[in-house]
Each structure stands twice: as structure tokens, then as C-alpha cells.
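S.K.: So the sequence lines, in the order shown, correspond to chains A and B. In terms of full-length UniProt numbering, the first sequence is residues 1 to 265. In terms of full-length UniProt numbering, the second sequence is residues 1 to 456. Yeah, the Cβ is synthetic: ideal placement off N, Cα and C, and Gly gets one too.
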Amino acid sequence: MYDTNRPEAAVGQQDIKISASDVQVFYGPKQAIKDLNVEILDKTVTAFIGPSGCGKSTFLRCINRMNDTVDTARVEGRIAIDGQNIYDRGVDPVQLRAKVGMVFQKPNPFPKSIYDNVSYGPKIHGLARDKAQMDEIVETALRGAALWNEVKDRLHEPGTGLSGGQQQRLCIARAVATAPEVLLMDEPCSALDPIATSQVEELIEQLRTRFSVVIVTHSMQQAARVSQKTAFFHLGSLVEYGDTNDIFTRPRDSRTEAYISGRIG
Amino acid sequence: MTGLAFAVLLSAALAGYAMNRRAALALRNGGERLHSLGSFHGLYALLLVLVPAFVATILWIMLEGSVINALTLSGLPDGVLAGATNPQLILTEIQSIAGGRIFGTPDPWKLEAADRMASLRATSGWLLVAVIAALSAALLYVSRRQVTADFRARQAAERIVMGLMITCSLIAVFVTIGIVFSLVFESVRFFQMVPLTEFLFGTRWEPQMPIRADQVAAEGAFGVLPVFLGTLVITFVAIVIAVPVGLLSAIYLNEFASRRFRAVAKPILELLAGIPTVVYGFFAILTVAPALRAWGAALGIPVAPNTALAAGSVMAIMLIPFISSFADDALSAVPRSLRDGAIALGATRSETVLNVLFPAAIPGIMGGVLLAVSRAIGETMIVLMAAGLIAKMTINPLDSVTTITVQIVTLLIGDTAFDSPKTLAAFALGLMLFIVTLFINILALRIVRKYREQYD
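Right, here's the structure in full:
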């Protein structure tokens with residue numbers, strides 16, 4: 001559906017991390033995504049924008065196969081990460097999700113201590129040889145999520161006792177701790193106040209240096225602030241995809257223009 | 001007559017509703033601003049008539065009998081009561097004659113008294129109707145007088161309704177207190193005969209004792225420990241079997257089962273909860289106990305015919321749906337976001353259940369398990385049929401043990417003298433059962449409430 005603007009032409013030197021071709025997603029008889037083709041770059045923040053129900057979260061949840069947990073969901077087509085189709089029979093969704101982290105709309109720390117929240121992923125994937133190495137992983141992850149200084153003295157208190165913004169950064173630390181190659185964020189700031197939002201946005205800017213970040217957002221200001229690439233979804237189709245600057249200043253499609261100027265949404 | 005009295009008070013109440021509502025509407029149509037809607041004026045009249053008249057009728061019915069009895073007895077010829085050892089027996093005879101059941105040829109003064117009783121009953125019936133009619137009329141008049149533009153009928157009606165609700169909730173409280181007191185009074189009588197220390201710490205339970213002085217029987221021993229131990233052994237067996245089975249089935253149904261399997265399996269599991277415990281008792285004595293005995297014989301282990309294991313394992317079957325539905329509720333109450341969070345980290349389904357869902361659900365599950373324990377302790381029918389009668393100090397589940405509930409039933413069955421420690425021991429056991437289950441229930445409710453909304 002999207003036009004001739006090839007992303008690699010625009011950015012050049014960066015590698016393609018995720019490449020989707022002819023993706024169709026159905027929930028029961030209802031088609032949620034139609035003929036989606038997109039290529040997402042490594043070490044780049046890509047924003048998915050669009051009105052509610054346009055399929056942007058659905059596509060995000062295809063990238064780590066979270067839709068597998070929905071009984072009625074069916075995915076067709078090909079989504080490849082580093083050239084490997086993640087819907088191939090041989091791919092283990094559990095290993096895929098260790099490589100593709102996810103942060104949700106609402107902070108969802110486990111009812112465990114801060115330390116246990118962060119160490120959970122490394123523990124189940126056997127990333128640490130001993131306690132010392134686990135401590136290091138936890139500290140690195142919490143520093144990476146700009147939370148270390150706030151929680152270093154209370155690592156063994158429950159994660160649910162933190163403020164909303166801290167909880168969300170804890171969830172980011174938890175996702176980062178498994179050393180993912182892609183981080184998916186599903187409206188990560190929608191439950192946060194402006195200060196917590198700007199902290200998370202700064203964090204996204206740092207995370208981009210290490211891996212590919214895909215963020216779904218309802219805030220066009222946020223998309224413009226944090227992303228280098230933007231994809232606009234409408235009614236289950238990818239309408240326009242390109243450099244964020246271009247999308248917000250010179251949208252090619254009339255629907256994109258209508259959305260970013262607030263006429264649909 | 002009672003039916004007529006109810007008809008009178010109901011129709012008076014409805015008439016009051018119609019009358020006051022119409023009066024209120026008439027006021028409004030006359031141009032006045034009413035404080036309350038017409039229907040509230042009607043409701044006020046309805047309640048004002050209904051509640052006192054209804055209470056009066058109930059009180060009349062409750063007191064009628066003893067008043068009539070007193071009047072009948074006081075009308076008897078002088079001297080006949082003086083010779084009688086038991087006036088209650090004479091009264092009973094007069095009552096049955098008045099009811100038309102005559103045995104032999106009663107004394108003429110009894111027949112006369114019976115006639116008088118019958119006529120008193122008839123008079124009382126008519127008097128009731130008359131009193132209710134007069135009361136209703138008076139209340140109707142009072143309520144009609146109150147219809148004015150300023151009368152706060154809504155608040156007045158609300159107050160009456162609130163009073164009714166308070167009364168109803170107090171009934172439950174007072175009945176509970178009454179039950180406790182009846183247990184306590186009888187238990188106090190028991191503890192006057194048997195010292196509390198002997199009851200609590202004695203290791204022999206042989207409650208059979210002579211009813212008459214010339215009877216040959218054992219002197220009773222009332223040490224509750226072996227009985228309590230038997231209860232604990234059976235409860236332990238039941239819980240050890242029911243908790244894992246109930247829990248794992250809940251986890252499977254909640255997390256792993258396909259929707260179609262769940263739709264079939266869950267109702268079947270819940271069906272277990274609807275089986276009468278008597279039927280479980282049959283299952284225990286006809287199927288489980290003989291099977292255990294056969295296995296024991298095959299292995300060379302002596303197994304009693306009524307083992308704690310048989311009773312406990314059948315009780316476990318009864319508790320499985322209880323535990324599984326509690327665990328199911330607790331697991332379903334864990335927010336979906338936690339499940340998604342674990343899965344998105346690459347946790348497998350069983351890791352998600354074990355590390356995230358289960359710890360989050362554990363307070364609810366614990367509450368369910370404790371409630372199951374208190375049900376197991378109080379369960380009567382299964383153990384009455386499948387457990388033994390002899391109290392033994394043993395923790396061997398292959399031996400025959402008895403429980404508190406079984407002992408209460410056997411102590412109260414048959415010829416009982418309510419001044420003998422043998423019978424009164426049943427109340428002491430009941431009090432003990434009450435206290436133990438009460439504490440477990442309080443603990444369970446506290447756990448459930450304290451941790452319920454910890455996450456989210």
C-alpha cells in the first residue's frame with residue numbers, strides 16, 4: 001500500500017532489521033491488517049501512528065508473536081528479523097521474545113522486588129553464570145533505564161511500590177536486561193505524567209544507539225520528538241512510511257495530512 | 001382467622017398507599033409545591049400501616065398460645081390441679097381434646113375445659129382480626145393527617161425502610177449469638193462435671209457411661225485429644241490430596257486448556273460440589289474402603305475397614321471443586337498485563353504460571369485452602385459413614401479413627417439424658433468445633449482481604 005519511498009534509499013548506510021512483506025492479520029473473520037509491507041531499520045526509532053483501531057498495535061504484537069496468545073488471531077505473510085522469517089515452523093516464540101523485548105501501555109511490574117523484576121528475564125534465559133554476574137546485569141539494565149540512582153538502595157523492595165513513571169522505567173529495564181535486538185513499545189507513555197514522559201523519551205533516545213526501537217504512540221508530538229522514521233496506519237493499511245521529518249512536514253498522502261492536522265483520529 | 005388478619009392489614013396498607021398518593025396529587029393540582037413526590041406519600045402510608053400491623057399480628061400469634069393455656073388452667077375447678085404431679089400433662093390432654101383427638105373417656109371437667117379452650121381460640125381469632133382492623137384504621141387516619149405540602153414523606157419512608165433493614169441484619173447477628181450461647185450454657189454444665197483440663201488434655205475418650213445406677217458400663221473418660229487428633233488426621237489426608245489436585249486442575253483449566261475442553265470440564269468439576277455428602281459416604285464405604293483393604297492385603301499391610309485414609313480421600317474429592325474454583329477465581333483475577341509481561345520477556349507458559357501468576361494469586365488460593373480446611377473439620381456425613389467410632393491416639397492414616405462431628409452425632413443419638421456428662425460432652429465438642437472453625441475462617445478472610453488488591 002505504501003508508495004515508492006524506499007527507506008534504505010533515505011537513510012543509506014543503516015541495515016534493515018525487520019522486514020515485513022504481504023502481512024495479513026485476522027481476528028476471527030475480521031481482517032485487522034491488509035497487505036502490509038515495511039522495512040524497519042536497525043539502531044533507529046520507528047514510530048507507528050494512526051487513529052485507534054488502525055492496526056498499529058496489532059502489527060507491533062506480530063513482531064514478537066504476542067498474537068500467538070490470542071486464540072482467534074491468525075497471521076499470514078512474512079515477517080523477517082535479520083532475514084529469518086519469525087513465523088517459520090522452526091522458530092521458537094520463546095527465544096524470539098528474548099530477542100524482541102516489549103514494553104506495554106500500562107506499567108506492569110511483577111509483584112516481586114525490583115531486583116527480581118529485572119533479573120527475571122536473564123534468569124529464565126540463563127544469561128548469568130553466578131550471582132555477581134546477575135548483579136551486574138541488573139545494575140546495567142537499571143542504569144540503562146535511568147532508574148539506578150533512584151532505586152539502588154531499595155532493590156529488594158516490591159516493584160509495585162514505585163511511582164508510575166518509575167514503574168514504566170523498571171519495565172523498560174526488565175525488557176533491556178535480556179539484551180534484546182529490538183524493543184517494541186506499545187504507547188509506553190500513555191499512563192504517565194509529562195515529567196515521567198520526558199524521562200522515558202530521553203531514555204528512548206539513548207536506547208536507539210544500541211538497538212532498533214519501534215514505538216506505537218497516539219501523540220504526534222512524541223512521534224516527532226523521538227523517532228527518525230514514522231509509519232502512518234489507517235484502517236488496517238500502512239498508508240505512508242518515511243523519514244519523520246518528511247511525514248510531518250510534507251505528507252504525500254491526503255489521509256496522512258488529514259490525520260497529522262487533526263482532521264481524522 | 002390469621003389469614004383474614006393478614007388480608008385486612010395488606011388491603012389497609014394498599015388502601016393507604018392509594019389514599020395518600022391521591023391526596024398528595026390533589027394538593028399539587030391545587031397549586032401547592034410538594035416537598036415529596038406523591039408516590040412517596042403513598043409509600044409512607046403503606047409502610048406506616050404495614051409494619052406495625054404486621055409486627056402486632058406476629059406478636060399476637062406468638063403470645064396467643066400461652067395466654068389461652070393460662071386462662072384454661074385458671075378456669076379449672078379447684079383442687080384438680082392440687083393432686084396432679086404434672087399440670088403440663090393435664091394441659092396437653094385438654095389441648096388434644098380441644099383439637100378433636102379424644103383417647104378413652106376423659107373426666108367431665110377435662111371435656112369442659114377443652115370446650116372452653118376451643119371457644120377461647122375462636123374468640124382470640126376474631127379478636128385478632130378486630131384488633132388489626134382497628135390498628136390499621138388508626139394508622140391510616142394518622143398517615144392521612146400527615147399529608148401536607150411540607151411533609152417530608154420521602155425521608156420518613158426511607159427511615160422506615162432503613163429500620164426494617166437494620167432489624168433484618170440484627171436477626172442474623174442475634175441468631176448467631178443465640179447459637180453460641182446455647183452451646184456455651186450446655187458446655188458450662190458439662191465442665192461442672194468434667195474439669196476443663198481433663199477435657200482438653202485427657203488422652204482417653206470413652207464417653208459411654210451408665211445411665212442408671214444399676215447398669216454395668218465403663219466409667220466415662222472425656223479426654224478430647226484422641227478425637228481431635230482423629231479429626232486432624234482425616235483433615236490432613238483430605239487437604240494433602242485435595243490441594244494439589246484442585247490447584248493443578250485450576251491451573252490447567254485457566255492457563256492451558258482449550259476453550260472447548262474448559263467448557264466441558266469446568267461444569268463437570270463443579271458438579272462434584274453439588275453431590276450430597278451422603279452419596280460421598282456411600283462411595284467411601286462401598287468402593288474406596290474395600291479397595292484400600294484389598295491393596296493393603298496384597299501388600300501385606302493390615303488396613304482397618306474404616307480407615308482415616310478412606311474417609312479423608314473421599315472428603316478430598318468433595319473439596320476439589322471448592323479449592324479449584326477458589327484458585328480459578330484467584331488466577332483469573334491476576335491482571336492480563338502481568339501475563340503479557342512475562343510472555344513478552346520470553347517466559348514459557350509454565351514459567352509464567354509458576355513465577356508470576358501463582359505468586360500473585362497465592363493469597364486468594366490460601367484463603368480458599370483455609371476455608372476448605374474448616375469445611376473438612378466440620379464435615380459430618382462422610383466421616384459418620386466411613387470413619388470409625390472408637391477414639392484412638394494414632395496418626396496412622398491406615399488405622400481407624402473418629403472425629404469430633406462423629407462423636408457429637410453418636411452421643412446425641414438414642415436414649416439420652418440431658419443431665420449426664422455423656423450427652424453434655426456433645427455440646428463441649430460442638431463448642432470446640434465452633435471455636436476452631438471460627439478461628440480458621442477469620443484467618444482465611446483476613447488473608448484474602450489483606451492481599452486481595454496488592455497488585456494492580
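Does any residue of chain B bring its CB to less than 8 Å from the CB of D71(A)?
M.R.: Interface residue, yes.
S.K.: Between the Cα of R225(A) and the Cα atoms of K43(A), A47(A), Q14(A), which residue gives the shortest distance?
M.R.: The shortest C-alpha separation from R225(A) is found at A47(A).
S.K.: So which of S237(A), M220(A), A132(A) has the shortest CA-CA distance to G262(A)?
M.R.: Of the listed residues, the one whose Cα sits closest to G262(A) is M220(A).
S.K.: CA-CA distance, G100(B) and M1(B)?
M.R.: Distance between the alpha carbons of G100(B) and M1(B) is about 19 Å.
S.K.: Go ahead and pull the three-state DSSP assignment for P122(A).
M.R.: Helix.
S.K.: Hey, could you find the ends of the beta strand (DSSP E) L238(A) is sitting in?
M.R.: L238(A) -> beta strand (DSSP E) spans 237 to 243.
S.K.: Return the chain-ordered ranges of every alpha helix (DSSP H) run that is complete within the stretch 140 to 205 of chain B and spans a minimum of 4 residues.
M.R.: Counting whole runs of 4 or more residues, the stretch 140 to 205 of chain B contains the alpha helix (DSSP H) stretches 153 to 193, 196 to 201.
S.K.: Give the interface partners of V264(B) over in chain A, defined as CB-CB distance under 8 Å, in chain order.
M.R.: Those within 8 Å of V264(B) in chain A number zero; the least Cβ separation is about 16 Å.
S.K.: Keeping to the same chain, check which residues put their C-beta closer than 6 Å to that of R293(B); ignore five residues upstream and five downstream.
M.R.: Cβ within range, chain order: V303.
S.K.: Hey, quick one: how far does the alpha helix (DSSP H) through E257(A) stretch, first residue to last?
M.R.: Run containing E257(A): 254 to 260, per the alpha helix (DSSP H) assignment.
S.K.: Contact between the stretch 175 to 185 of chain A and the stretch 137 to 149 of chain A: three or more CB pairs below 8 Å?
M.R.: Enough Cβ pairs lie closer than 8 Å, so yes.
S.K.: Would you identify the three-state DSSP class for T231(B), choosing helix, strand or coil?
M.R.: In this structure, T231(B) counts as helix in the three-state DSSP scheme.
S.K.: If we count the other Cβ atoms within 10 Å of its Cβ and call it buried at 16 or more, is I317(B) buried or exposed?
M.R.: Looking at its Cβ environment, which holds 16 or more other Cβ atoms inside 10 Å, I317(B) is buried.
S.K.: Looking at chain A, is there any beta carbon in it that lies within less than 8 Å of the beta carbon of S337(B)?
M.R.: For S337(B), the answer is yes, since a Cβ of chain A falls inside 8 Å of its Cβ.
S.K.: What span of residues does the alpha helix (DSSP H) with T410(B) cover, start to end?
M.R.: Where T410(B) is concerned, the enclosing alpha helix (DSSP H) stretches over 404 to 412.
S.K.: For a contact defined as C-beta to C-beta under 9 Å, what are the partners of P359(B) on chain A?
M.R.: Within 9 Å Cβ-Cβ: F110, P111, K112.
S.K.: In the DSSP assignment, the alpha helix (DSSP H) including I81(A) goes from what residue to what residue?
M.R.: Segment 73 to 81 is the beta strand (DSSP E) holding I81(A); no alpha helix (DSSP H) there.
S.K.: Span of the beta strand (DSSP E) holding L36(A)?
M.R.: Per DSSP, L36(A) belongs to the beta strand (DSSP E) from 30 to 41.
S.K.: Is the stretch 228 to 239 of chain B touching the stretch 389 to 401 of chain B in the sense that three or more CB pairs, one from each, lie closer than 8 Å?
M.R.: In short, these stretches touch, since the Cβ pair count reaches three.
S.K.: Does F104(A) get closer than 8 Å to chain B when you measure Cβ to Cβ?
M.R.: At least one chain B Cβ lies under 8 Å of F104(A).
S.K.: Ordered along the chain, which non-local residues of its own chain (more than five positions away) have a Cβ less than 7 Å from that of V129(B)?
M.R.: Result list for V129(B): M1, L4, A5, V8, in chain order.
S.K.: E8(A): buried (16+ other C-beta within 10 angstroms of its C-beta) or exposed?
M.R.: With a pLDDT of 42 at E8(A), under the threshold of 50, the modelled position of this residue cannot be trusted; read the value that follows with caution. Exposed, because fewer than 16 other Cβ atoms sit within 10 Å of the Cβ of E8(A).
S.K.: Tell me where the beta strand (DSSP E) around V195(A) begins and ends.
M.R.: Correcting the residue identity first, residue 195(A) is Ile in this sequence and not Val. Looking at the DSSP string, I195(A) is not in any beta strand (DSSP E); the run it does join, the alpha helix (DSSP H), is 194 to 207.
S.K.: In chain order, what residues of the same chain lie with their CB nearer than 7 Å to the CB of M366(B), ignoring the 5 residues before and after it?
M.R.: Counting only Cβ-Cβ distances below 7 Å, and skipping sequence neighbours, we find I447.
S.K.: Which residue comes first and which comes last in the beta strand (DSSP E) that contains K229(A)?
M.R.: Note, K229(A): beta strand (DSSP E), 229 to 234.
S.K.: Under a three-way DSSP split, which group does N85(A) fall into?
M.R.: In the structure shown, N85(A) sits in a strand (DSSP, three-state: E or B).
S.K.: Quick one, which of Q208(B), D340(B), P290(B) has its alpha-carbon nearest G414(B)'s?
M.R.: Comparing Cα-Cα distances from G414(B) to each of Q208(B), D340(B), P290(B), the minimum goes to Q208(B).
S.K.: With three or more beta-carbon pairs closer than 8 Å as the criterion, would you say the stretch 103 to 115 of chain A touches the stretch 27 to 45 of chain A?
M.R.: Not touching, per the Cβ criterion.
S.K.: Whole angstroms are fine: how far does the CA of A263(B) sit from the CA of K229(A)?
M.R.: Going from the Cα of K229(A) to the Cα of A263(B) covers about 46 Å.
S.K.: Look at the Cβ atom of residue 460(B), then the Cβ atom of A221(B), and state whether they are nearer than 8 Å.
M.R.: A question about residue 460(B) goes unanswered here, because the residues of chain B that appear run from 1 up to 456.
S.K.: Taking only beta-carbon atoms, is V356(B) less than 8 Å away from chain A?
M.R.: With 8 Å as the cut-off, V356(B) counts as an interface residue toward chain A.
S.K.: With burial defined as no fewer than 16 other Cβ atoms inside 10 Å of the residue's Cβ, what is the status of T4(A): buried or exposed?
M.R.: Here the model assigns T4(A) a pLDDT of 44, short of 50, so the residue's position is not dependable, and the following value carries that caveat. That one is exposed.
S.K.: What does residue 497(B) reach in chain A if we use C-beta pairs closer than 7 Å?
M.R.: What is shown of chain B runs 1 to 456, which leaves residue 497(B) out entirely.
S.K.: Beta-carbon separation of G101(A) and L183(A) under 8 Å?
M.R.: Result yes, Cβ atoms of G101(A) and L183(A) sit closer than 8 Å.
S.K.: Any idea what DSSP makes of L184(A), helix, strand or coil?
M.R.: Correct three-state label for L184(A): strand.
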